[in-house]
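Enquirer: Numbering (the working numbering), first residue to last: 966 to 1234.
#1: Measuring alpha carbon to alpha carbon, tell me which residue in 1180, 1173 and 1145 is nearest residue 1162.
#2: Rounded to whole angstroms, what's the CA-CA distance from residue 1117 to residue 1172? Just pull it up for me.
#3: Would you mind reading off the limits of the beta strand (DSSP E) that contains residue 1152?
#4: What's the C-alpha gap between residue 1135 and residue 1197?
#5: Counting along the chain, where does the alpha helix (DSSP H) carrying residue 1132 start and finish?
#6: In terms of DSSP beta bridges, what is residue 1187 paired with?
#7: Closer than 6 Å by C-beta to residue 1184: which residues in its own chain qualify, once you throw out the five before and the five after it? Chain order, please.
#8: Which residue comes first and which comes last in the alpha helix (DSSP H) that contains residue 1116?
#9: Roughly how many angstroms lie between the CA atoms of residue 1139 and residue 1083, to the nearest whole one?
#10: Whole angstroms is fine: what's the gap from residue 1149's alpha carbon to residue 1211's?
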């Protein structure tokens, strides 16, 4: 195929696709620029120029998705369809155990949503999952968030400083969601493995091995728990209940009247 025939065919293809949709026209520009340009740098440069010019011509600041283009073509009064990506994200959040928002009605009768918990994760950093799990066990299992931050502040572990910053940032995010900062507890804390980098390890006598650099992440879930005063009160009630059950032999007394208490020499039935 000659260069003239190739140019005419590419221009016809670009003109026909531009009448269909902006996204299809941009894909066509990719193909036509790749055909005409001689080098890769020229291809990228021409592609950027033509794509920006097309977006300016169509009055678009960004490329629209296929769902948005279908909604724009619908007449007025037709309810736009919900994006498939949005439905998938909602279904994914509903499957997660930590995503449990509740609905309540405010004073004006409007249904509001309140988050019951907040999940936060660290970025992957260089540490063994075995070492990080010891710190996760130290802050998890329903400990108060302020107590967990205090434990990380005086810990001698190298990763404790990073975990302390993670807990403090997660507390700010949870308060911004509407949770009570004084009642926050670390309900769950677990560790996941991440990538493992393999590097050459030089040994003696001309030998070599593989050194593995492990990375992992820490995940925490914050929920609203009981205050320390409420915990002390519940503990006191439990102690009183146990003492009361021991004093009565484990049998709760009744209000039934006593019979034959003054008869002698014994009971008469």
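Ideal Cβ positions, reconstructed from N, Cα and C, are used throughout, including at glycine.
Expert: On the basis of the supplied data:
#1: That would be 1180, whose Cα lies nearest to the Cα of residue 1162.
#2: Their Cα atoms are separated by approximately 41 Å.
#3: Segment 1149–1167, the beta strand (DSSP E) holding residue 1152.
#4: 27 Å
#5: 1125–1142
#6: 1083 and 1151
#7: 1086 and 1155
#8: 1110–1118
#9: 6 Å
#10: Residue 1211 has its alpha-carbon roughly 36 Å from the corresponding atom of residue 1149.
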